[in-house]
Every structure is written in structure tokens, then in C-alpha cells.
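Peer 1: Sharing a structure, written as C-alpha cells. Questions coming.
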Amino acid sequence: MSHTFQRTLVTTALPYANGPVHLGHLAGVYLPADIYVRYKRLCGHDVIHIGGSDEHGVPITITADKEGISPQDVVDRYHKMNADAFARCGISFDYYGRTSGPVHHETAREFFSEIEKKGIFVKKTEKQFFDPKAGRFLSDRYITGTCPVCKTPGANGDQCEQCGTHLSPTELIDPKSKLSDATPELRETLHWYFPLGRYQKQLEAFVERHTGDWRSNVVNYSRTWLNQGLADRAITRDLFWGISLPLDSEEAKGKVLYVWFDAVLGYISFTKEWAEKQGDSELWRRYWQDPETRIINFIGKDNVVFHTLMFPAILMAWNEGRSEGRYELADNVPASEFMNFEGRKFSKSRNYAVYLGEFLERFPADTLRYSIAMNYPENKDTDFSWSDFQNRTNGELADTLGNFIKRSIDFTNSRFGGEVPADIDLEAWDGLGIDWLASFGKLEAAYEGFHFREATAQAMEIARFANRYLTESEPWKVIKVDPEAAGRTMAVSLNLCHTLALLFWPIVPETANRIWKMLGFEGRIDDLVEPGNPVWRKALEPGLKKGHKLLGSSEILFSKIEDKDLEPELKKIEALLAEAERREAAEQPAPMTFKPEITFDDFQKVDLRVARVIACEPVKKANKLLKLQLQVGSEQRQVLSGIAQHFTPEQMVGKNVVLVANLADRTMRGELSQGMILAVEGADGRLFLLEPQGEGINGNSVS
1 MSHTFQRTLV
11 TTALPYANGP
21 VHLGHLAGVY
31 LPADIYVRYK
41 RLCGHDVIHI
51 GGSDEHGVPI
61 TITADKEGIS
71 PQDVVDRYHK
81 MNADAFARCG
91 ISFDYYGRTS
101 GPVHHETARE
111 FFSEIEKKGI
121 FVKKTEKQFF
131 DPKAGRFLSD
141 RYITGTCPVC
151 KTPGANGDQC
161 EQCGTHLSPT
171 ELIDPKSKLS
181 DATPELRETL
191 HWYFPLGRYQ
201 KQLEAFVERH
211 TGDWRSNVVN
221 YSRTWLNQGL
231 ADRAITRDLF
241 WGISLPLDSE
251 EAKGKVLYVW
261 FDAVLGYISF
271 TKEWAEKQGD
281 SELWRRYWQD
291 PETRIINFIG
301 KDNVVFHTLM
311 FPAILMAWNE
321 GRSEGRYELA
331 DNVPASEFMN
341 FEGRKFSKSR
351 NYAVYLGEFL
361 ERFPADTLRY
371 SIAMNYPENK
381 DTDFSWSDFQ
391 NRTNGELADT
401 LGNFIKRSID
411 FTNSRFGGEV
421 PADIDLEAWD
431 GLGIDWLASF
441 GKLEAAYEGF
451 HFREATAQAM
461 EIARFANRYL
471 TESEPWKVIK
481 VDPEAAGRTM
491 AVSLNLCHTL
501 ALLFWPIVPE
511 TANRIWKMLG
521 FEGRIDDLVE
531 PGNPVWRKAL
541 EPGLKKGHKL
551 LGSSEILFSK
561 IEDKDLEPEL
571 KKIEALLAEA
581 ERREAAEQPA
591 PMTFKPEITF
601 DDFQKVDLRV
611 ARVIACEPVK
621 KANKLLKLQL
631 QVGSEQRQVL
641 SGIAQHFTPE
651 QMVGKNVVLV
661 ANLADRTMRG
671 ELSQGMILAV
681 EGADGRLFLL
691 EPQGEGINGN
701 SVS
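Residue numbers (full-length UniProt numbering): 1 to 703.
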């Protein structure tokens, strides 16, 4: 966008607090957001980073049910676990909130009340699955069954993980309740709906306004929904865990806000809580209700429409009819593609994942940050592999960046008393062979365009140049014949260390701070970043003057990863892959088996006719048989059929059925059966009759 904003608000999608975050989450949302925020802080911009846990919704209650604990126990555990993991990974949230907190509940209820007061919501009575054993309505994820598309058992009521098809619970074959394994019943219930279609035109304009600066996947996902036409979307559920409606009516009892409506409002409620901690309870309005603020929502591609259509529609509904207190819409929604793990999709539900907290117990955060940044799934899915992680750590971080820093500082400490031996003027600096303005221009364009892989690669390219410069200058040889020339080389090298510390701070912040300390600076780079202080531009030119005192010691920035270090991880992969293959084999539908092949002439011998049931009664002393009187054209037939456990005699009278009319007569239970009617068995064992429809078809052949 051409507009210059005074401040930036960055939000990150809220992870469900029902399990630990894995590397796929980190790669798609939290690391790119953190890199961007740190870059903005280096530039001296006013930027805040808001995130938090999504602590409502069915995944929370399912986890609680499985573990036999309360939903609050679940979210307390995983909120802390994930917040700690993010902190250890250097994700620099200004505030990391919780949707179970009182400020969030108050904010969500305020939005509901405002929209309800305007008469925007639509109330509808619908049929929803109800568990008769558990005595409660079931949301989609509490229902499981066989996928109607790929026939895989264990599909959830909202999506089949095997084939990826989005489903509704009523589409499942043989649906079962996860609470009791009972077959659910459809019962009527009342819900509030948000009329997305009311804002169709405004949302179309909103998306079109950003087609030049949003990623193509974001625009395409949004347009697909818009082209299909936006329908009403339920915003309430029958659930005990969540934000209750701020209504006293009988019809509102037992209803909570649907998590899609409440979770995105966490960005606002968490900013309110951040403002309180700053000592200014109204400060949040500068970031949400001032046109001079740029709002950026970092998300994964599976969350696009919630942030480009649904959340904006909620804000549009709030703004409707208001002249003050209006919310600004997001300026950009950089949605990533997925990062896979060793060729397969990360899956928390199937435990096929590398969890962030566990990773950080074995390897430094900065090695992970760099590896993921270099594989950032910007425009297509990428893959995390242990071999790539090892190669990047050893070859790029250790041998290039770490090697250059340590050699520069060690040689200065040993041969120049730990002081910068010369001043470097801009002419000498510009004569190194790096076009600093062009290089920084590329870096800034990459960051501003959310091209984090490109930005990381550009920073490493400067580190490669620095490493080559030191190696080719050979100051350890030159010092024997020309100490001043060797001193100038080391002054240049140390200033390159200074530049690299600043360039790499957004990507590997802890390493950058260690370089900063070895260069003799007090404090950390973190302490320098504040609005109005453009530290970033200081990397463009020499920052160390002659006589500047270094720390006096150095340290190895990156330890190389040996093959033996990865052996436990590779064994885990083998176990995970074996388990995944076992699951897939178990979930594969049984192969179809067919009767022996027949010829067309054989088939032609079977006489299939449409018949109508004119009378029906049970067969005495046979609990599975019904005796049917059939009208077949001008004649009547009596047929015995083993369908008594699926249909009553009253249900059968009047039905059209398909009769095998030339089957030899057979006597069963002393009764004559003159043919057979056709039926098919469903996945749950129920029988379904073939019931041809139409006028004047009785007695006609079926072909």
C-alpha cells in the first residue's frame, strides 16, 4: 500500500490450547510474524505483536473428556506449555492472552450485544444430532463415522482427515457419538446466525482493494467463497464450555458463542489487556480504531476466510451506523502454505509431529529459526527434514556466520589487544564490493513484502561475503609484513560483525545478542529497539571506531550437529512412519469383492420387474420374515422377505419394489415364496429397499 502508517499492529492466529504447538505451527504463523515484528522494531517503528491461546471450542472439551479432567484444566496446562515454548524460541509477543479470561468474555459479549441490538442476527430452528445416552446436542467434532467420499472409518463430522473433504455430520455413514458410541438422533434446536450475505458487496470491495498486495492464495480463497455467495453462518452452539450469551431469555439458555465468532475477537481483547499493563486503558484504541494504524494478521492458509471475510464482516456489523468507535480492517493477511515433516503433513491428532517444546530441549532455538526461515512456506508447501536442518546448521550457521565472527574476534584479541585497530571511512567501506544501498534495498523490500526466505538468504549472502573477505585477505600472513594493512582488514571484519549482528537479529536474535556482547557492547540489541530509533540503518555503515574495546573473549556460536545427535530423532521418525502406515492400513476400506463373472446372456436371464406391495403381515414363528402380497402388472405374487427387523408391515404397504420375477418358487416356514425383492445393506447393517418411482411402471421390466 502507498499509505505511510504511523504504527503497526501484528496479530497471530490463536492456537487451540488442547495440545502442544509443533514446527508446522511455528513455520506457518509465529516465526514469520516474529521476524517481521523484529525488523520493524529495528527500523524504529511503533509496532506491537499480539497473540494468545484459543481456549474455547470442541477440541478443548474432547481433550478434557478423554483425560477425565475439566476443560479449564486442559487450557491451563497447554496455555502455559505453549507460551513457555514460544518464549524459549524467541517469539517476542508484546502480549500473549487467553480467550477464557474475563476481558475477552466481556469483549465478545459486547460485540454480540451490539450486533443483536441492531437486529442483524437471524434466528433459525434447525435439526442437530443429539446423543440420547449423554443427553446433549453434539457439535460436528463429537460425531464420527465413515467418510461418504473415500469410505474411510473414523472421519469427523466436519472433515475427513484421510481425503480432506469438508463434511457435515449428516453426511457421515453410520454416525456415532464420541461421548457414548450411541447412534445420534436428529432433534430441533434454535441458533443465532450471522448473515454474511448482508456484507457480500462490502467484502467483495474489501478483497478487490487488496488484490495487488495480498498473496494470490489469500485472494483466491476469498474469491472462491464470494463467487459461491455468502450464506448465513451459525454463531451459537449447544455446548457447556464457552462464552454464554448475554441474554436472559429461555431460548438463550445452554447456548455459547461459536468459537469462530469469539476467537478472532481475542485480537481486540488481548490488545485491551496489553493497554492495561501499559497503564493506559484506552491505548488499545490507537491500534484498532485509528486509520493511521496498519493491522496485519499472520495466519495459515486454512484460516484465510475467517480473516478476510468473517472477521471483517463482524467489524463491519459493529461499525454499521456508527460515526465513532469504528474498527479498522486488516491491511494485509499474509497466509502461509503448510510446512510438512519428512514428506508428510504434520498432524497433532495422529501424533505425527515434532513439537516445539521437545525440539528446544535438544537443539538451540536459533538453529531452528534459521532452518525454518530458509524453508518458509510462502507460496507452496515446504518440508522440514532432519538432514536439511543438520546441513544448514553445519554449513551455513557454523561454517559461514559462526566461523567468520569467531575468527574475527579471536584474531583481534590475540594480535591487537582486543581493540578495533583502525578507523574505516565510508569510501573504504563502499569499496568492499558490496552495494550497501542495493543490498539493504533488497532486504527491506523482502521484509515489507513478507518474503522471509528471501530476506534470510540475503543476510546469509552478506555473511558469505564477509567470510570470503577475511579468508582471502589473510591478515594472519599480512601482519608479518604489514601490520597496518592487517589492522585495516580486522577493522573491516569487526565492522562486518557489527552489521551482521543487526542484520541477523530478526532471524536469530539470541545469536545476534551474543555477537553484540562479544563486540564489547553493554546490554543487548533488544534494549536499543524503540519507536523513533532506527537501529536498522546503523548496519549500513561502519559502527566501530578505532580503539573500541571488545569483550576480550569469544565463544562458539553454533555447535555442529553430528550424525549421532540425530539418531534418536531418526528412530522417532521410523516409529512415527510405522504408526502412520499402520493407521492408514487400518483405516483403508476393505477391498471390494465380487461374485464370479457372468456373461451378458446370463444377466439377460434374470427377469426384474416393478411390483407394488398391496398387503403385508409377519410370518408366524419367524421373527425375520414378512409375507408380502405383490401386484405385478395383471397378476399377484406372494413373496417372503427377511426384512422384518427393518420394516413394519404397515411401512411396506404401498411401496414399489423390485422383484426377481423368474426365481424358482421356494417354501419357507410352510409358506410359498414366488420370487425375491431387492434391498441393499448400509454400513450400519440397516437395509434399504430399491424403490423405483414413476407413473405407469408397475409390472414393467427393470433394465
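Glycine included, every Cβ here is placed at the ideal spot set by N, Cα and C.
Roughly how many whole angstroms lie between the Cα atoms of K253 and G633?
Peer 2: Going by the C-alpha atoms only, they are around 58 Å apart.
Peer 1: Counting Cβ pairs closer than 8 Å, one from the segment 434 to 449 and one from the segment 514 to 533, do we hit at least three?
Peer 2: Judged by Cβ distances under 8 Å, the segment 434 to 449 makes no contact with the segment 514 to 533, as fewer than three pairs qualify.
Peer 1: Taking 9 Å as the cut-off, decide whether the C-beta atoms of G19 and Y96 are in contact.
Peer 2: Not in contact: G19 and Y96 (Cβ atoms no closer than 9 Å).
Peer 1: Skipping 5 residues on each side, what residues in its chain have a beta carbon closer than 6 Å to that of V10?
Peer 2: Correct list, in chain order: A33, V37, H49, I296.
Peer 1: If you check the beta carbons only, do A155 and T146 fall under 9 Å apart?
Peer 2: Yes, the pair counts as a contact, with Cβ atoms nearer than the cut-off.
Peer 1: Compare the C-alpha of T211 against each of N332, T236, S168 and name the closest.
Peer 2: Looking at the Cα atoms, N332 is the closest of the given residues.
Peer 1: Residues bridged to P334 by DSSP?
Peer 2: Partner(s): none; P334 has no beta bridge.
Peer 1: Run through the DSSP bridge pairs and tell me what D601 is partnered with.
Peer 2: In DSSP, D601 forms no bridge with anything.
Peer 1: Rounded to whole angstroms, what is the Cα-Cα separation between F206 and P312?
Peer 2: Distance between the alpha carbons of F206 and P312: 9 Å.
Peer 1: A657 and I677: beta carbons closer than 9 Å?
Peer 2: One point to set straight first is that residue 657 is Val, not Ala, in the sequence displayed. Yes, Cβ-Cβ distance for V657 and I677 is below 9 Å.
Peer 1: Using CA coordinates, which residue listed in K151, L503, V492, E597 is at the minimum distance from K545?
Peer 2: It is V492.
Peer 1: Just to check my reading of the structure: M339 and D290 have Cβ atoms closer than 8 Å, yes? What is that Cβ distance to the nearest angstrom?
Peer 2: Actually they do not touch by this definition, with Cβ atoms about 35 Å apart.
Peer 1: DSSP three-state label for V207, please.
Peer 2: Three-state DSSP puts V207 in a helix.
Peer 1: Around the C-beta of V610, are 16 or more other C-beta atoms found within 10 angstroms, so that it is buried, or is it exposed?
Peer 2: By the neighbour-count rule (16 or more Cβ atoms within 10 Å), V610 is buried.
Peer 1: Identify, in the order they occur along the chain, each residue of the same chain with its Cβ nearer than 7 Å to the Cβ of L672, setting aside the five sequence neighbours on each side.
Peer 2: So the list reads Q638, D665, once near-sequence residues are dropped.
Peer 1: Would you decide whether H166 is buried or exposed? Buried here means 16 or more other CB atoms lie within 10 Å of its CB.
Peer 2: Looking at its Cβ environment, which holds fewer than 16 other Cβ atoms inside 10 Å, H166 is exposed.
Peer 1: Please state whether the Cβ-Cβ distance between A566 and L23 is less than 9 Å.
Peer 2: According to the sequence as given, residue 566 is Leu; it is not Ala. Not in contact: L566 and L23 (Cβ atoms no closer than 9 Å).
Peer 1: Going by beta carbon distance, what residues of the same chain come within less than 6 Å of I243, once the five residues before and after it are set aside?
Peer 2: Correct list, in chain order: H105, A108, V256, L257, D262.
Peer 1: Given 8 Å as the limit, is there contact between the segment 503 to 518 and the segment 457 to 467, that is, 3 or more CB pairs closer than that?
Peer 2: Yes, the segment 503 to 518 is in contact with the segment 457 to 467.
Peer 1: Buried or exposed for T323, please, with buried defined as at least 16 other CB atoms from any protein chain shown within 10 angstroms of its CB.
Peer 2: Residue 323 is actually Ser in this sequence, not Thr. That one is exposed.
Peer 1: Given a cut-off of 9 Å, decide if D366 and V218 are closer than it, judged by their beta-carbon atoms.
Peer 2: No, they are not a contact pair.
Peer 1: What is the DSSP secondary structure of S347, counted as helix, strand or coil?
Peer 2: Correct three-state label for S347: strand.
Peer 1: DSSP three-state label for M1, please.
Peer 2: Below a pLDDT of 50, predicted positions are generally treated as unreliable, and M1, at 41, falls in that range; the measurement from the model is reported next regardless. Here M1 sits in coil by DSSP.
Peer 1: Which of the three DSSP states is assigned to V606 in this structure?
Peer 2: Three-state result, V606: coil.
Peer 1: Can you tell me the Cα-Cα spacing of S559 and D388, whole angstroms?
Peer 2: About 16 Å.
Peer 1: Give me, in chain order, the residues of the same chain whose beta-carbon lies closer than 7 Å to that of I479; leave out the 5 immediate sequence neighbours on both sides.
Peer 2: Around I479: R415, A486.
Peer 1: Which whole-angstrom value describes the C-beta separation of F93 and T293, a residue pair presumed to lie in contact below a C-beta threshold of 8 Å?
Peer 2: Going by Cβ atoms, the distance from F93 to T293 rounds to 18 Å, so no, they are not a contact pair.
Peer 1: Buried or exposed: which applies to L570, given that a residue is buried once 16 or more other Cβ atoms fall within 10 Å of its Cβ?
Peer 2: Exposed, by the Cβ-count rule.
Peer 1: Give the straight-line distance between the Cα atoms of residue 705 and R686, rounded to the nearest whole angstrom.
Peer 2: Any question about residue 705 goes unanswered here, given that the chain covers just 1 to 703.
Peer 1: In angstroms, rounded to a whole number, what distance separates the CA positions of D482 and T489?
Peer 2: Answer to the nearest angstrom: the Cα atoms are 11 Å apart.
Peer 1: Looking at S53 and R98, is the spacing between their C-beta atoms short of 9 Å?
Peer 2: Cβ atoms of R98 and S53: closer than 9 Å.
Peer 1: Is it a yes or a no for the segment 233 to 242 touching the segment 182 to 196, going by three-plus beta-carbon pairs under 8 Å?
Peer 2: They touch, by the three-pair rule.
Peer 1: By DSSP's criteria, V37 is part of a beta bridge. Which residues make up the other side?
Peer 2: Answer is none; V37 lacks a bridge partner.
Peer 1: Between the alpha carbons of F363 and V354, how many angstroms are there, rounded?
Peer 2: The straight-line gap from Cα to Cα measures roughly 12 Å.
Peer 1: Please state the DSSP three-state secondary structure of S554.
Peer 2: In the structure shown, S554 sits in coil (DSSP, three-state: anything other than H, G, I, E or B).
Peer 1: On the DSSP bridge list, what partners appear for W260?
Peer 2: DSSP lists no partner for W260.
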